[in-house]
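Data block below; observations after.
4 protein chains.
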Amino acid sequence: MNLAQINDLVLVISPEEKRYMTRLTPRQQLHTHLGFLAHDALIGQTYGSVVLTHLKHPFILLQPSTFDLVMHVKRISQIVYPKEIGYILLRMNIVPGTRVVEAGTGSGGLTLAMARAVRPTGRIYTYEERDDMRAIAQKNLERAGGLDGIEMKARDIREGFDERDADALFLDVREPWLFLAQARAALKGGGFFGSLVPTTNQLSDLLQELETQRGWTDIEVVEILMRHYKPVAERLRPEDRMIAHTGFLLFARKVAMQVDKPVVESGNEGNEGNEQTSEGG
Amino acid sequence: MNLAQINDLVLVISPEEKRYMTRLTPRQQLHTHLGFLAHDALIGQTYGSVVLTHLKHPFILLQPSTFDLVMHVKRISQIVYPKEIGYILLRMNIVPGTRVVEAGTGSGGLTLAMARAVRPTGRIYTYEERDDMRAIAQKNLERAGGLDGIEMKARDIREGFDERDADALFLDVREPWLFLAQARAALKGGGFFGSLVPTTNQLSDLLQELETQRGWTDIEVVEILMRHYKPVAERLRPEDRMIAHTGFLLFARKVAMQVDKPVVESGNEGNEGNEQTSEGG
Amino acid sequence: MNLAQINDLVLVISPEEKRYMTRLTPRQQLHTHLGFLAHDALIGQTYGSVVLTHLKHPFILLQPSTFDLVMHVKRISQIVYPKEIGYILLRMNIVPGTRVVEAGTGSGGLTLAMARAVRPTGRIYTYEERDDMRAIAQKNLERAGGLDGIEMKARDIREGFDERDADALFLDVREPWLFLAQARAALKGGGFFGSLVPTTNQLSDLLQELETQRGWTDIEVVEILMRHYKPVAERLRPEDRMIAHTGFLLFARKVAMQVDKPVVESGNEGNEGNEQTSEGG
Amino acid sequence: MNLAQINDLVLVISPEEKRYMTRLTPRQQLHTHLGFLAHDALIGQTYGSVVLTHLKHPFILLQPSTFDLVMHVKRISQIVYPKEIGYILLRMNIVPGTRVVEAGTGSGGLTLAMARAVRPTGRIYTYEERDDMRAIAQKNLERAGGLDGIEMKARDIREGFDERDADALFLDVREPWLFLAQARAALKGGGFFGSLVPTTNQLSDLLQELETQRGWTDIEVVEILMRHYKPVAERLRPEDRMIAHTGFLLFARKVAMQVDKPVVESGNEGNEGNEQTSEGG
Numbered sequence: 000m001n002l003a004q005i006n007d008l009v010l011v012i013s014p015e016e017k018r019y020m021t022r023l024t025p026r027q028q029l030h031t032h033l034g035f036l037a038h039d040a041l042i043g044q045t046y047g048s049v050v051l052t053h054l055k056h057p058f059i060l061l062q063p064s065t066f067d068l069v070m071h072v073k074r075i076s077q078i079v080y081p082k083e084i085g086y087i088l089l090r091m092n093i094v095p096g097t098r099v100v101e102a103g104t105g106s107g108g109l110t111l112a113m114a115r116a117v118r119p120t121g122r123i124y125t126y127e128e129r130d131d132m133r134a135i136a137q138k139n140l141e142r143a144g145g146l147d148g149i150e151m152k153a154r155d156i157r158e159g160f161d162e163r164d165a166d167a168l169f170l171d172v173r174e175p176w177l178f179l180a181q182a183r184a185a186l187k188g189g190g191f192f193g194s195l196v197p198t199t200n201q202l203s204d205l206l207q208e209l210e211t212q213r214g215w216t217d218i219e220v221v222e223i224l225m226r227h228y229k230p231v232a233e234r235l236r237p238e239d240r241m242i243a244h245t246g247f248l249l250f251a252r253k254v255a256m257q258v259d260k261p262v263v264e265s266g267n268e269g270n271e272g273n274e275q276t277s278e279g280g
Numbered sequence: 000m001n002l003a004q005i006n007d008l009v010l011v012i013s014p015e016e017k018r019y020m021t022r023l024t025p026r027q028q029l030h031t032h033l034g035f036l037a038h039d040a041l042i043g044q045t046y047g048s049v050v051l052t053h054l055k056h057p058f059i060l061l062q063p064s065t066f067d068l069v070m071h072v073k074r075i076s077q078i079v080y081p082k083e084i085g086y087i088l089l090r091m092n093i094v095p096g097t098r099v100v101e102a103g104t105g106s107g108g109l110t111l112a113m114a115r116a117v118r119p120t121g122r123i124y125t126y127e128e129r130d131d132m133r134a135i136a137q138k139n140l141e142r143a144g145g146l147d148g149i150e151m152k153a154r155d156i157r158e159g160f161d162e163r164d165a166d167a168l169f170l171d172v173r174e175p176w177l178f179l180a181q182a183r184a185a186l187k188g189g190g191f192f193g194s195l196v197p198t199t200n201q202l203s204d205l206l207q208e209l210e211t212q213r214g215w216t217d218i219e220v221v222e223i224l225m226r227h228y229k230p231v232a233e234r235l236r237p238e239d240r241m242i243a244h245t246g247f248l249l250f251a252r253k254v255a256m257q258v259d260k261p262v263v264e265s266g267n268e269g270n271e272g273n274e275q276t277s278e279g280g
Numbered sequence: 000m001n002l003a004q005i006n007d008l009v010l011v012i013s014p015e016e017k018r019y020m021t022r023l024t025p026r027q028q029l030h031t032h033l034g035f036l037a038h039d040a041l042i043g044q045t046y047g048s049v050v051l052t053h054l055k056h057p058f059i060l061l062q063p064s065t066f067d068l069v070m071h072v073k074r075i076s077q078i079v080y081p082k083e084i085g086y087i088l089l090r091m092n093i094v095p096g097t098r099v100v101e102a103g104t105g106s107g108g109l110t111l112a113m114a115r116a117v118r119p120t121g122r123i124y125t126y127e128e129r130d131d132m133r134a135i136a137q138k139n140l141e142r143a144g145g146l147d148g149i150e151m152k153a154r155d156i157r158e159g160f161d162e163r164d165a166d167a168l169f170l171d172v173r174e175p176w177l178f179l180a181q182a183r184a185a186l187k188g189g190g191f192f193g194s195l196v197p198t199t200n201q202l203s204d205l206l207q208e209l210e211t212q213r214g215w216t217d218i219e220v221v222e223i224l225m226r227h228y229k230p231v232a233e234r235l236r237p238e239d240r241m242i243a244h245t246g247f248l249l250f251a252r253k254v255a256m257q258v259d260k261p262v263v264e265s266g267n268e269g270n271e272g273n274e275q276t277s278e279g280g
Numbered sequence: 000m001n002l003a004q005i006n007d008l009v010l011v012i013s014p015e016e017k018r019y020m021t022r023l024t025p026r027q028q029l030h031t032h033l034g035f036l037a038h039d040a041l042i043g044q045t046y047g048s049v050v051l052t053h054l055k056h057p058f059i060l061l062q063p064s065t066f067d068l069v070m071h072v073k074r075i076s077q078i079v080y081p082k083e084i085g086y087i088l089l090r091m092n093i094v095p096g097t098r099v100v101e102a103g104t105g106s107g108g109l110t111l112a113m114a115r116a117v118r119p120t121g122r123i124y125t126y127e128e129r130d131d132m133r134a135i136a137q138k139n140l141e142r143a144g145g146l147d148g149i150e151m152k153a154r155d156i157r158e159g160f161d162e163r164d165a166d167a168l169f170l171d172v173r174e175p176w177l178f179l180a181q182a183r184a185a186l187k188g189g190g191f192f193g194s195l196v197p198t199t200n201q202l203s204d205l206l207q208e209l210e211t212q213r214g215w216t217d218i219e220v221v222e223i224l225m226r227h228y229k230p231v232a233e234r235l236r237p238e239d240r241m242i243a244h245t246g247f248l249l250f251a252r253k254v255a256m257q258v259d260k261p262v263v264e265s266g267n268e269g270n271e272g273n274e275q276t277s278e279g280g
């Protein structure tokens, strides 16, 4: 059940919490700073168990979580961090079955987390203009288990997105305000828009465009700070240093269209039940 | 497709972002501070569209997200907030198909978010000793769409959990350190343990017990701070006040058992490939 | 020595830490929510001692600190908070003997703290255009012990400041970037400039003007967050809520002038090595 | 006036904000990574002016502030940072003329800041048991301008402090709760107690002892976070990293003694004026 098998992607953690990730392949070895582990010795082991390197150092054998996979992504750009990813998934309702558009793909970390959250019936459409980034992202996604449920696209998003009625759309690009109209076109009514920008100037520009366009509701601008503690019972204290900033998150939901007449006729106030039925059809 | 239908749970947002949630039922009305909305007028409307109260105030009709549902939960206890929930789901790998144990159920907010994340094949086993809490939670979960994938249990968890090989287990109880052995018994090797405690004294006690028990790895202690900004382009600034504290999060993964022999025999160091195959079976 | 005397400004703190401030005047009474205290009964008491209201509730009699006085200021505008004041005083080297220019005076809280820090030989020159603000500030300063060392001025600072060679200058105005040239004219070489602005847009404008003007060094932009804890040994935890934002602080020091010649005589430019060597010996 | 003179302690800042501090001495040179500056060329220069190294790199010549001196202290222990020092000085009312007791001296950074704040009539009594620390602190204080107003003491504070009726007392020691009685003995009624501890366990211990002893009021526990911004107008954003923790600050004021009789006799409630006068004498 819970046994490491050939072709599994595994995580091993050293006594000092150094992490290694590899895909189990017969006759291969994983080299660590404390000796090597033979893949063949790992295959068939229970996950969570202790395995010893040839120098007898105890490592823990684990299945990598989405979190581990995201942290393990090879980066050539600033990645979206787990502290933001968790909130993005929850805030944009990225749950099993949803269809999500993303631009740019970047290193693919957020793509990966989203794809794992929408399985098995959802789908991630991810746009990236730069060939080098797309290549990195593809490699990262393949290493993490493949592109099931992910469509990578090379489009310049100025031309718009292919999708319509998407449940959610996330922009991690330098000038997200240039693509708000395209984002609106791709989203369903009530669909979730999200964006991450590092500077306050970008945030002001994005807010300005949201105000100009109208047609957005439930706007939230937020930053998330995470403070780690040294996990020592009798000398409990925060770590000395922390990440002070990755970016500002902005969320909004698409308003479908401007209404031109009230759904309740003014003359019918005492009699809504009937009237509404006829109107609501 | 994206139309409000009878029996849908809907969210309507007022011009000043006041929120109302209701289940669409023919002939009923939703009363707001700016007039009422007839359910019959909402049924058949496109989600994301503007609807007018009988006093002509424009509201937006939306499908509630998991986030909205969590925030809408009726509370008789401190709830776990979205800023924590998002990270919990990601950090504990609560993705489609996983089996999660939770205690206590509390108001059911985290239960709800977890259930939505593991669909359609996963399952949440949630324990709550107090009858009043369980009643509230059940009502909250039913209001939010039912208990599909959720099993509520009345057990005192001192006696242990029914489950074995759970993927993840979360303790939101006053003295989580008392139930670590029970948690270990319920988790699979490498399974995720999480807990939320409000005081540093509780955190020290929990860390102390983790150290004493051994058999845990990848320990992380963290607090999450969220700072909102007023979404105004030309006067951008953080809100005046923020939540300073809800609780400290602790995460760990279960180490399956202590190993008594190295997985690599010392005599075989030059020849791992073959040997490992025979051992690894 | 440490006895409350007629005309002293005193602070009394109730059992639940409610604070009252009054100036001791024979035959007067201080009315609290737990009964009254006769001033005559306070006069002659040792500071720090317990005094009982006529309903027998124990209050503590204290001399107000600068901190207490600042917090007690009557406000008709946003005040500068102690968390910022402490850092401003230290960062701008506002120590005994320094001459400081300030605009606007606002409610006078920062003025008061600066005046107490520069005594007995320093001086605070504080500008405020609005008559109502100046009246409030004057009242606040008089209540707190008088205007010794403080000069209040009604000038519109667009016309510049009267002072030259000031040690430090602080702008707490809506558009500080409009007055940077005036600030430079008032400051001595190496003098400290500081400003507090609530929005990121103002901060960008101020930074833009600093970059344009040149002639500033040691620029620092910072925000200060303060998190309080409930002071309970066995249930230690941060307070639930905190101030998320008062403003962004910017500091810089004035560069005296652009140099047109090296401090090594121009005639020696081709020959510094020798000169320096002979000098450096 | 504002001219650098022989024997002045000066700060020079490089184009990239690297800082050098030195005392001006004829015929000496200050060596920087961008060439040297002859002290003789600096003597007589206006503070705030640009000075060129022999390689023609422009540096700014400044008088170091208290802040600069604190940051420049040679450390063999964790120092108290300016973000805490500013608040300590304000919160503990360390203004011109006050008498402050401190233990331990550590590297002398806080000692130095306090000494500069209480001039010319105040006094700092600083205790340090360790000879090596005391030597470092003395060297740091001498480099920064001497020990005027500072008394260094080698006492083990378990034996108590020499001072009585001190205005303020600060404990920066590992187990401050062991010395609370000694602190009380040294403080005047209403005097300010402060302490800095890095762990929550220490904070709980200190709070426990404060509760046990009684006789303290106006207790505040607080931590101060400082977030720096990159000072770039058009790409404004916080720095990537920040100090997450230096320590928890605790403040309290000494209650002089337990009262045994009400200051208002119960029979005199209608007649306070006269009674109080007789009592208050």
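Chains as they are written, first to last, in the numbering used here: chain E, 0 to 280; chain U, 0 to 280; chain B, 0 to 280; chain Z, 0 to 280. By construction, the Cβ of each residue, glycine as well, lies at the ideal position given by its N, Cα and C atoms. If you're wondering where the values come from, they're calculated on a predicted model, not measured in any experiment.
N- and C-terminal bounds of the alpha helix (DSSP H) containing I5(Z): Counting from one through the fourth sequence, the residue named residue 5(Z) turns up at place 6. That residue, I5(Z), is in no alpha helix (DSSP H); it is neither H nor E in DSSP.
Is the region 50–62 of chain U touching the region 5–12 of chain U in the sense that three or more CB pairs, one from each, lie closer than 8 Å? yes
Count the other CB atoms within 10 Å of the CB of D131(U); is the residue buried (16 or more) or exposed (fewer)? Here residue 131(U) refers to the residue found at position 132 of the second sequence. Exposed: under 16 other Cβ atoms inside 10 Å.
Backbone secondary structure at P57(Z) - three-state DSSP: By 1-based counting over the fourth sequence, the position of residue 57(Z) is 58. Three-state DSSP puts P57(Z) in a strand.
Could you compute how far the alpha carbon of D259(B) sits from the alpha carbon of G103(B)? As a first step, residue 259(B) must be located in the third sequence, where it is residue number 260. As a first step, residue 103(B) must be located in the third sequence, where it is residue number 104. Note on D259(B): pLDDT 37, under 50, position unreliable in the model; no value is reported.
If you drop the 5 nearest sequence neighbours on each side, which residues of the same chain put their C-beta closer than 8 Å to that of R252(B)? Here residue 252(B) corresponds to residue number 253 of the third sequence, with the count starting at 1. Same-chain partners within the cutoff: G189, G190, F191, F192, W215, T216, D217.
Where does Q28(E) fall in DSSP's three states? Within the first sequence, residue 28(E) is the residue found at index 29, counting from 1. Strand at Q28(E).
Checking contacts by CB at 8 Å: is I84(B) closer than that to chain Z? Sequence index remark: in the third sequence, residue 84(B) carries index 85 (1-based). Yes - at least one Cβ of chain Z is within 8 Å of the one on I84(B).
If we count Cβ pairs, one from each stretch, closer than 8 Å, do we get three or more for the region 198–209 of chain B versus the region 117–136 of chain B? no
Buried or exposed: M91(Z), going by 16 or more other Cβ atoms within 10 Å of its Cβ? To locate residue 91(Z), count along the fourth sequence from 1; it is residue 92. It is buried - the Cβ of M91(Z) has at least 16 other Cβ atoms within 10 Å.
So, with DSSP's three-state summary, where would you put F191(Z)? Indexing the fourth sequence from 1 puts residue 191(Z) at position 192. F191(Z) falls in the strand class under three-state DSSP.
For D166(U), is the classification buried or exposed, using 16 other Cβ atoms within 10 angstroms of its Cβ as the cut-off for buried? Counting from one through the second sequence, the residue named residue 166(U) turns up at place 167. With 16 or more other Cβ atoms within 10 Å, it is buried.
Should K73(E) go down as buried or exposed, given a rule of 16 or more other Cβ atoms within 10 Å for buried? Here residue 73(E) corresponds to residue number 74 of the first sequence, with the count starting at 1. Answer is exposed; the Cβ neighbour count stays below 16.
Flag this pair as touching only if the region 109–116 of chain E and the region 136–155 of chain E have three or more C-beta atom pairs under 8 Å; answer yes or no. yes
Do you know offhand how far V254(U)'s Cα is from R213(U)'s? Numbered from 1 along the second sequence, position 255 holds the residue referred to as residue 254(U). Numbered from 1 along the second sequence, position 214 holds the residue referred to as residue 213(U). If you take the alpha carbons of V254(U) and R213(U), they lie about 8 Å apart.
Rounded C-alpha distance that separates N1(B) from Y46(B): Against the third sequence, residue 1(B) aligns to sequence position 2. Against the third sequence, residue 46(B) aligns to sequence position 47. Roughly 6 Å between the two C-alpha positions.
Simplified DSSP assignment, three categories, for E101(B): Locating residue 101(B) in the third sequence gives position 102, where the first residue counts as 1. If DSSP states are grouped into helix, strand and coil, E101(B) belongs with the strands.
Ranges of the alpha helix (DSSP H) found wholly within the region 144–230 of chain E, counting only runs of at least 4: 179–185, 199–212
Where does G108(E) fall in DSSP's three states? To locate residue 108(E), count along the first sequence from 1; it is residue 109. In this structure, G108(E) counts as helix in the three-state DSSP scheme.
Which of the three DSSP states, helix, strand or coil, is assigned to D259(E)? In the first sequence, residue 259(E) corresponds to position 260, counting from 1. The predicted position of D259(E) is uncertain, since its pLDDT is 37 and thus under 50; a value taken from the coordinates is nonetheless stated next. Of the three classes helix, strand and coil, the one that applies to D259(E) here is coil, per DSSP.
Going by DSSP, what residue range makes up the beta strand (DSSP E) through L248(B)? Mapped onto the third sequence, residue 248(B) falls at position 249. 247–253 is the extent of the beta strand (DSSP E) around L248(B).
Between Q137(Z) and the rest of its own chain, which residues show a CB-CB distance below 7 Å, the 5 nearest in sequence each way excluded? The residue labelled residue 137(Z) in the question sits at position 138 within the fourth sequence. If we look at Q137(Z) and ignore the five residues flanking it on each side, its Cβ neighbours are M151.
So which residues on chain B does N1(E) lean against when the C-beta distance must stay under 8 Å? Start at 1 with the first residue of the first sequence, and residue 1(E) comes out as number 2. Chain B residues near N1(E): none, gap ~37 Å exceeds 8 Å.
Quick test of your reading: H227(B) and V220(Z), contact by CB under 8 Å. State the CB separation rounded to the nearest angstrom. The residue labelled residue 227(B) in the question sits at position 228 within the third sequence. The residue labelled residue 220(Z) in the question sits at position 221 within the fourth sequence. Confirmed, Cβ separation roughly 7 Å.
Answer yes or no: does any C-beta atom of chain U fall closer than 8 Å to that of L235(B)? By one-based count along the third sequence, residue 235(B) stands at place 236. So yes, L235(B) belongs to the interface.
Return the chain-ordered list of same chain residues with a C-beta closer than 6 Å to the C-beta of R115(U), the five sequence neighbours on each side being excluded. What you label residue 115(U) is simply residue 116 of the second sequence in a count that begins at 1. Once the five neighbours on either side are set aside, the close Cβ partners of R115(U) are T65.
For I135(B), tell me which candidate among S106(B), I149(B), D155(B) has the shortest Cα-Cα distance. Indexing the third sequence from 1 puts residue 135(B) at position 136. When only C-alpha atoms are compared, the closest one is S106(B).
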